[in-house]
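Take a look at the structure set out below.
2 protein chains.
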Amino acid sequence: MEFQFEQYWKEYGENELSHSETHYLLTIYSLLRKDDLLRASTVAKELGISRNAVHLQLKKLSEKKLVKIKENLISLPKHSINIVEKVANKRQTMIVLLSEVLGVPMHIATTDSCKIEHLLSDDTGEALLKFVQFLRSDRKVVLQFLKEFQKYYLQCDPEIGCGLCENIHSMEKVNEN
Amino acid sequence: MEFQFEQYWKEYGENELSHSETHYLLTIYSLLRKDDLLRASTVAKELGISRNAVHLQLKKLSEKKLVKIKENLISLPKHSINIVEKVANKRQTMIVLLSEVLGVPMHIATTDSCKIEHLLSDDTGEALLKFVQFLRSDRKVVLQFLKEFQKYYLQCDPEIGCGLCENIHSMEKVNEN
DNA sequence: TCTTTTTGTTAGGCATGCCTAACATATTTT
DNA sequence: AAAATATGTTAGGCATGCCTAACAAAAAGA
Numbered sequence: 000m001e002f003q004f005e006q007y008w009k010e011y012g013e014n015e016l017s018h019s020e021t022h023y024l025l026t027i028y029s030l031l032r033k034d035d036l037l038r039a040s041t042v043a044k045e046l047g048i049s050r051n052a053v054h055l056q057l058k059k060l061s062e063k064k065l066v067k068i069k070e071n072l073i074s075l076p077k078h079s080i081n082i083v084e085k086v087a088n089k090r091q092t093m094i095v096l097l098s099e100v101l102g103v104p105m106h107i108a109t110t111d112s113c114k115i116e117h118l119l120s121d122d123t124g125e126a127l128l129k130f131v132q133f134l135r136s137d138r139k140v141v142l143q144f145l146k147e148f149q150k151y152y153l154q155c156d157p158e159i160g161c162g163l164c165e166n167i168h169s170m171e172k173v174n175e176n
Numbered sequence: 000m001e002f003q004f005e006q007y008w009k010e011y012g013e014n015e016l017s018h019s020e021t022h023y024l025l026t027i028y029s030l031l032r033k034d035d036l037l038r039a040s041t042v043a044k045e046l047g048i049s050r051n052a053v054h055l056q057l058k059k060l061s062e063k064k065l066v067k068i069k070e071n072l073i074s075l076p077k078h079s080i081n082i083v084e085k086v087a088n089k090r091q092t093m094i095v096l097l098s099e100v101l102g103v104p105m106h107i108a109t110t111d112s113c114k115i116e117h118l119l120s121d122d123t124g125e126a127l128l129k130f131v132q133f134l135r136s137d138r139k140v141v142l143q144f145l146k147e148f149q150k151y152y153l154q155c156d157p158e159i160g161c162g163l164c165e166n167i168h169s170m171e172k173v174n175e176n
């Protein structure tokens, strides 16, 4: 196996949103749907973070125009709502792909999706969404494909060479530890 | 859209490897294949990071038993090689899924995969690998499925309701900005 | 009204992981 | 051997993002 991706690794830190910021926005969005009079302390409770930390983060988010704060009440500008909805779509799409199509246990699918949602590009998000949308349709080819995959998935023959077998075998070997 | 995933978000920081550590290990693994006499300064050059930072990180990785250092020469214990190979498989699988199957441009597929590789669980990694392996096989159902997906992907009708359409439309709307 | 409780705010600390500057120790080169 | 270069090491700084402690201001209850 060869790696020639070292030039990409630093882009990790150059995302529109950090993991922390993402969850502030998602939480604020969610809480605003229940009650539009939202204060910092409510966000703190919901995130399980101290009021002080939330206060400081909200101040920064406010400077970045990602949240609006007026008389201690929080709201989201349109721009942020767009961001939140895109991230939420990426998460939801990944959860469906992993749990429904690939059969990954729900808790794991959710945790994994939650970790990567804000890191996926919009291109990837859109492509994944169309793919999942297609996989969920009741086209004959899709149903046959999924049926065949289930069969394959449940009884994969390690003796069949297929170009990726070395990888799957290394995965299995490692998991025995 | 409802969010009930707030309880998961803190798990983000509780990974086996940080993004930084992951790339140290991947880089060391890669460099050791070219020359087994590997020094910290070589790693620094490859990662584009100062020698000092690399030195400090290697000391920590060494304390965690993720790398071995003997007379200024770096090597990887078996345990780390397993980790590296699993991460590399996750990355490779995601790149193939995104670029080959979903048609995401290579640079984007690579960047995205690079960002999430270390965050995907082994369960997800294995499931994705089997899925991609299946998608790459020349089964008739797979070929028909992919052909139909291409057709669908290139000319999706937004008027068709399918449960995920609201999402795809919100994505498209947002991207117009 | 006065007290208690809830919020908001500031300050100092800690861990991660990068940086530059400075110095120490090899290792080459001349 | 002496000078030049490469490599290792330590110290101090900075940004992110969390923490606790302490205090201020506002809201609620007696």
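So the protein sequences, as listed, match chains A and B.
Residues 0 to 176 in numbering that gives the first Met the number 0 are what the first sequence spells out, letter by letter.
Residues 0 to 176 in numbering that gives the first Met the number 0 are what the second sequence spells out, letter by letter.
Quick reminder that beta carbons are idealized off the backbone N, C-alpha and C, glycines included.
Listed by position along chain A, the residues whose Cβ is nearer than 8 Å to that of Lys9 of chain B are Gly47.
Ranked by Cα distance from Met93 of chain B, the first of B:Leu75, B:Cys113, B:Pro76 is B:Cys113. For Lys129 of chain A against Tyr152 of chain B, the beta-carbon gap comes to about 6 Å, under 8 Å, which counts as contact. Put simply, the CB of Lys44 of chain A is far from chain B, with every gap to its CB atoms at 8 Å or more. Residue state for Leu72 of chain B is assigned as strand, using DSSP reduced to three classes. In the structure shown, Lys67 of chain B falls within a strand segment according to DSSP collapsed to helix, strand and coil. Burial state of Glu20 of chain B is buried, judged by a 10 Å Cβ sphere holding 16 or more other Cβ atoms. Annotation for Arg138 of chain A: no alpha helix (DSSP H) segment contains it, and DSSP assigns it neither H nor E. Taken in chain order, the members of the region 120 to 131 of chain A whose beta-carbon sits within less than 9 Å of a beta-carbon on chain B are Ser120, Asp121, Asp122, Thr123, Gly124, Glu125, Ala126, Leu127, Leu128, Lys129, Phe130, Val131. When only Cα atoms are considered, Glu15 of chain A and Lys64 of chain A end up about 13 Å apart.
Between the region 56 to 74 of chain B and the region 116 to 123 of chain B, the count of C-beta pairs closer than 8 Å stays below three; the two stretches do not touch. If you draw a straight line from the Cα of Tyr7 of chain B to the Cα of Asp111 of chain B, it is about 21 Å long.
For Leu118 of chain A, the C-beta contacts it makes with chain B under 9 Å involve Asp111, Lys114, Ile115, Leu118, in order along the chain. Counting only Cβ-Cβ distances below 9 Å, Leu97 of chain A has contacts in chain B at Asp122, Thr123, Ala126, Leu127, in chain order. Leaving aside the five residues that flank Arg90 of chain A on each side, the residues in its chain whose CB is nearer than 6 Å to its CB run, in chain order, Ser112, Glu116.
About 5 Å separates the Cβ atoms of Val131 of chain A and Val95 of chain A, confirming a contact at the 8 Å cut-off.
Excluding the 5 residues flanking it on each side, Leu46 of chain A has same chain C-beta neighbours closer than 6 Å at Thr26, in chain order. At least one CB of chain B lies nearer than 8 Å to the CB of Ile107 of chain A.
Ranking A:Glu13, A:His18, A:Glu10 by CA distance to the CA of Glu13 of chain B puts A:His18 first. Leu119 of chain B carries a coil assignment under DSSP once its states are collapsed to helix, strand and coil. Residues of the region 129 to 153 of chain B whose Cβ lies closer than 7 Å to any Cβ of chain A, in chain order: Lys129, Phe130, Val131, Gln132, Phe133, Arg135, Ser136, Arg138, Val140, Val141, Gln143, Phe144, Glu147, Phe148, Tyr151, Tyr152. Comparing alpha carbon positions, the residue from B:Ser136, B:Val66, B:Gln143 closest to Lys139 of chain A is B:Gln143. If you draw a straight line from the Cα of Glu10 of chain B to the Cα of His106 of chain A, it is about 12 Å long.
Residues of chain A whose Cβ lies closer than 7 Å to the Cβ of Pro76 of chain B do not exist; the shortest such Cβ separation is about 13 Å. Cβ-Cβ separation between Ala126 of chain A and Leu101 of chain B: approximately 4 Å, consistent with a contact (criterion under 8 Å). Here Gly124 of chain A really is in contact with Lys85 of chain A; their C-beta atoms are around 6 Å apart, less than 8 Å.
Between Arg50 of chain B and the set B:Asp122, B:Glu147, B:Val141, B:Asn71, the nearest pair of CA atoms involves B:Asn71. Secondary structure at Leu36 of chain A: coil, using DSSP grouped into helix, strand and coil.
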